[in-house]
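Asks: With this note's numbering applied, the sequence shown corresponds to residues 36 to 303, in that order.
By construction, the Cβ of each residue, glycine as well, lies at the ideal position given by its N, Cα and C atoms.
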Amino acid sequence: MKYIDPHIHMVSRTTDDYQRMALAGCIAVTEPAFWAGFDRSSPQGFFDYFTLLTDSEPKRAAQFGIDHYCWICINPKESEDPGFAREVIALIPEFLKKPTVLGVGEIGLNKNSRNELTILEEQIALAAAHDQLILVHTPHLEDKLKGTKLIIDAIKRNGDIDPGRVLIDHVEEHTVKHVLDHGFWAGMTLYPDTKCTPQRAADIIETYGAERLWINSAGDWGVSDPLAVPKCRLEMKRRGHGEDIIKKISFDNPRTFLGQSQRFTVDA
Ligand SMILES: [Zn+2]
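1) Once you ignore the five residues that flank V214 on each side, which residues in its own chain have a CB closer than 6 Å to its CB?
2) So within the region 89 to 125, which uninterrupted alpha helix (DSSP H) runs reach at least 4 residues, ignoring any that extend past its ends?
3) Should A163 be listed as close to ligand 3, given that the test is whether its C-beta is under 7 Å from any heavy atom?
4) Does any heavy atom of ligand 1 sit closer than 7 Å to the C-beta of D255?
5) Under 8 Å, do D102 and I62 count as touching if we go by C-beta distance?
6) Among D228, G257, F286, which residue has its Cα nearest to the Cα of A245?
7) Quick one: is N288 buried, meaning 16 or more other Cβ sit within 10 Å of its Cβ, or exposed?
8) May I ask you to list the residues that DSSP assigns as paired with M223?
9) Any chance you could list the alpha helix (DSSP H) runs of at least 4 consecutive residues sitting entirely within the region 185 to 238, in chain order?
10) Quick check: what's the CA-CA separation for L126 versus K112?
11) Only counting the same chain, and skipping five residues up and downstream in sequence, which positions put a Cβ closer than 7 Å to that of Q295?
12) Taking 7 Å as the cut-off, does the CB of E141 come closer than this to any heavy atom belonging to ligand 1?
13) Which partner residues of D175 appear in the DSSP bridge assignment?
14) By the DSSP assignment, the alpha helix (DSSP H) with G80 in it spans what residues?
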């Protein structure tokens, strides 16, 4: 059964990972711009990273029959210096014109600081001005609920954003309802230890249903698993869930949300 991994950082992964994902049924990935495991020393470093995401990575993925799309932004972890962040933001509109870019992301908060919030608001305004989809990163562990609420407030304050065009990622048991109740889409990240394990994600689906919800691996440079999506599907199958809901969470839902961009052309 084919699947989409809608959040994975392939720049940090090997060709072996692409091959294993393709063998497991992956036909498309979307890659948000994020921290790359180190701070970039200049806006030029981001220009090179955005070029990698929009030019090199789609070609690498295509060798394995996988469609590669991406999202562009400055991540919250590198947004603490507003002057620096604004120089990066000035680069973004040119990249939003590229044929595989689906929107602005993953924007959000990391430590919930004032400067992070300022840059988040400016990128929400940028997405609204360019009529872009938004992908949101929520902070870790004890900062997550507070950060999620701050992010939702910032999006609502803008007034020009349709919540149905925003996906708030890395939700957990204590944030998923808040996100869905406000009309947003929610993403569950399947990490081996932190965030949601495949078992916890299956519990959340059983509790809250599968509407406006997707699963992703968020595979990156740290401890993570590029096969997390098919592993979660196996867990759901083991629990006796039918093909319909398994396909909905791992293929139909991502396709519906991402298909709001004309550029996302994965067929049903
Ligand atoms: Zn990410």
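Replies: On the basis of the coordinates in this document:
1) Annotation for V214: I203, V206, A221 place their beta carbon closer than 6 Å to its own, counting only its chain and skipping 5 residues before and after.
2) 92 to 97, 117 to 124
3) Of the ligands this structure carries, namely ligand 1, none is ligand 3.
4) yes
5) yes
6) F286
7) buried
8) I250
9) Correct list: 211 to 216.
10) Between L126 and K112, the C-alpha separation is close to 18 Å.
11) L168, R200
12) Yes; taking the cut-off as 7 Å, the Cβ of E141 has a heavy atom of ligand 1 nearer than that.
13) Here residue 175 turns out to be His, not Asp, going by the sequence shown. Bridge partners of H175: none, in fact.
14) 78 to 86
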